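Numbering (numbering that gives the first Met the number 0), first residue to last: 0 to 304.
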Amino acid sequence: MCTACGCGTSTIEGHKHESADHVPAHGHHHQINDDGHGQEHQHDHDHDHHLFGDHDHHHIENGSVHYGRGIAGVHVPGMSQERIIQVERDILSKNDAYAVENRRHFERNGILALNFVSSPGSGKTSLLVRTIYDLKDRLAISVIEGDQQTSNDAARIRETGARAIQINTGKGCHLDAHMVGHAAEDLAPESGSALFIENVGNLVCPAAFDLGEAHKVVVLSVTEGEDKPLKYPDMFAAADLMILNKADLLPHLDFNVGLCIANALRVNPRLQTLTVSARTGEGMEAFYAWLEASAASRAARSKEA
Numbered sequence: 000m001c002t003a004c005g006c007g008t009s010t011i012e013g014h015k016h017e018s019a020d021h022v023p024a025h026g027h028h029h030q031i032n033d034d035g036h037g038q039e040h041q042h043d044h045d046h047d048h049h050l051f052g053d054h055d056h057h058h059i060e061n062g063s064v065h066y067g068r069g070i071a072g073v074h075v076p077g078m079s080q081e082r083i084i085q086v087e088r089d090i091l092s093k094n095d096a097y098a099v100e101n102r103r104h105f106e107r108n109g110i111l112a113l114n115f116v117s118s119p120g121s122g123k124t125s126l127l128v129r130t131i132y133d134l135k136d137r138l139a140i141s142v143i144e145g146d147q148q149t150s151n152d153a154a155r156i157r158e159t160g161a162r163a164i165q166i167n168t169g170k171g172c173h174l175d176a177h178m179v180g181h182a183a184e185d186l187a188p189e190s191g192s193a194l195f196i197e198n199v200g201n202l203v204c205p206a207a208f209d210l211g212e213a214h215k216v217v218v219l220s221v222t223e224g225e226d227k228p229l230k231y232p233d234m235f236a237a238a239d240l241m242i243l244n245k246a247d248l249l250p251h252l253d254f255n256v257g258l259c260i261a262n263a264l265r266v267n268p269r270l271q272t273l274t275v276s277a278r279t280g281e282g283m284e285a286f287y288a289w290l291e292a293s294a295a296s297r298a299a300r301s302k303e304a
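Okay, here's the thing in structure tokens:
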């Protein structure tokens, strides 16, 4: 888990870092610097394992080996469960402080910020491109693109006429609130608009990092399997909306939409779900209605504040 390994360095395309004492207008301070069932048992594993230190994994009677049953929920070689928890708390507390600043800025300016998360290839960018084209006369949209390398997705977004900025995370597997604060400052989304933050393709690490968004939106394609919400529960538990994309492929697949949604609701009973095709437009109007209602509500609250 990246909160333990500490990844998070990034480069922002076209961005120059400010000095350590620079505080931007929006108040964001920039610093330099399956689950198996059944009985389980825990081993000390003194036999033939001394080279690898303590073992904090659990064996389950179905034959699985589970490294997430410790108090930290994760295993890191050479680190105790207590130390992992402390490292995670330190990293996330710093991130959360930036997220608070981002959220305050977005709310004050009536900007609806959405954190789009998924595994690679779910169709996030295609969904955003269609949304921008279809809503260009109804809602102002800008995009922060997150990938380890290249600016391909930002270029696709700019072809629609929308403003976009690319964040390359290098070896990092997620965006964090500090990166998003920098990018939002450069983009300067207008009041009453929607800001899409397309996170790095990854159903694990982005679940832990608050970016200051109003909602996490998890995009799952019908080519990925109905059990994804059960395999990656943290992401679906953190999301407010699941968009099941590539519905046009359903006639060619053995994919049970009802089972997928049921699995997602087992993880998160409050999760809203939509089934769409970014290619054909099927179901997209329902997403647009949700988006426009959310943007209008955010803008109205900012005027009342």
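Where is the CB? At the ideal position from N, CA and C, for every residue including glycine.
All values reported here derive from a predicted model rather than from experimental measurement.
- When the beta-carbon positions are compared, LEU240 and LEU210 stay at least 8 Å from each other.
- Between the alpha carbons of ARG265 and HIS214 lies a gap of roughly 19 Å.
- Here GLY180 carries a helix assignment [DSSP, helix/strand/coil].
- A Cβ-Cβ distance of about 6 Å is found for the pair VAL179 and ASN101, placing them in contact under the 8 Å criterion.
- When the Cα atoms are used, VAL203 and GLN80 turn out to be separated by approximately 19 Å.
- Nearest to ALA237 by alpha-carbon distance, out of VAL218, ASP253 and LEU248, is VAL218.
- When rounded, the separation of the alpha-carbon atoms in LEU111 and ALA207 is 20 Å.
- Between the alpha carbons of ASP136 and GLU284 lies a distance of about 15 Å.
- Here SER79 carries a coil assignment [DSSP, helix/strand/coil].
- When the beta-carbon positions are compared, GLU291 and LEU138 come within less than 8 Å of each other.
- A check of alpha carbon separations from ASN198 across PHE105, GLU225, ILE260 and GLY120 identifies GLY120 as the nearest.
- In the assembly as shown, ASP253 is an exposed residue. Its beta-carbon has fewer than 16 other beta-carbons within 10 Å.
- In the assembly as shown, ASP226 is an exposed residue. Its beta-carbon has fewer than 16 other beta-carbons within 10 Å.
- Of the residues GLY145, ASN151 and ASP247, the one whose Cα lies closest to the Cα of ALA182 is GLY145.
- Of the candidates SER117, ARG269 and GLN148, the residue whose Cα lies closest to the Cα of THR222 is SER117.
- Note that the C-beta distance between PRO228 and ASN255 is not below 8 Å.
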